[in-house]
Amino acid sequence: MKLWNELQEEVRKIKPDRQMASAILRMIEVRMKALEELKGRREFASLVVEDYYEIIKEALTALMSIEGIQNIEP
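Mapping the sequence shown onto this note's numbering, position 6 (from 1) lands on 339, and the numbers just tick up by one.
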């Protein structure tokens with residue numbers, strides 16, 4: 334696993350954006366609510382895993398937005 338100082342060239346500093354973070358967190362709430370309908374239903378297991386992945390990714394994006402960090406796309 335890479336250390337933060339090895340990854341710094343893959344991100345750039347931006348103005349912190351709490352509004353964006355708030356919007357992302359609201360979307361996470363929507364995803365969590367939708368997951369409640371799918372939990373326990375085997376035919377939707379892959380969708381549940383995919384949604385949890387998206388929730389984690391969105392939570393990290395919200396945190397980065399608050400901190401004023403943006404990932405540079407390769």
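Built from N, CA and C at the ideal position, the CB exists for glycine as well.
Just how far apart, CA to CA, sit Ile388 and Leu368?
Stepping through the sequence shown from its first residue, residue 388 is reached at position 55. Stepping through the sequence shown from its first residue, residue 368 is reached at position 35. When rounded, the distance between both Cα atoms is 11 Å.
Quick check on DSSP: helix, strand or coil for Arg374?
Within the sequence shown, numbered from 1, the residue matching residue 374 stands at position 41. Here Arg374 sits in coil by DSSP.
Per the contact definition of three or more C-beta pairs closer than 8 Å, is the segment 370 to 377 in contact with the segment 338 to 354?
No: fewer than three Cβ pairs fall under 8 Å.
What residue range is occupied by the uninterrupted alpha helix (DSSP H) comprising Glu339?
Residue numbering aside, residue 339 sits at position 6 when the sequence shown is read from its first letter. That run of the alpha helix (DSSP H) goes 337 to 340.
Which residue or residues does DSSP assign as beta-bridge partners of Ile388?
As a first step, residue 388 is located in the sequence shown; it is residue number 55 there, counting from the start. Paired residues: none, contrary to the question.
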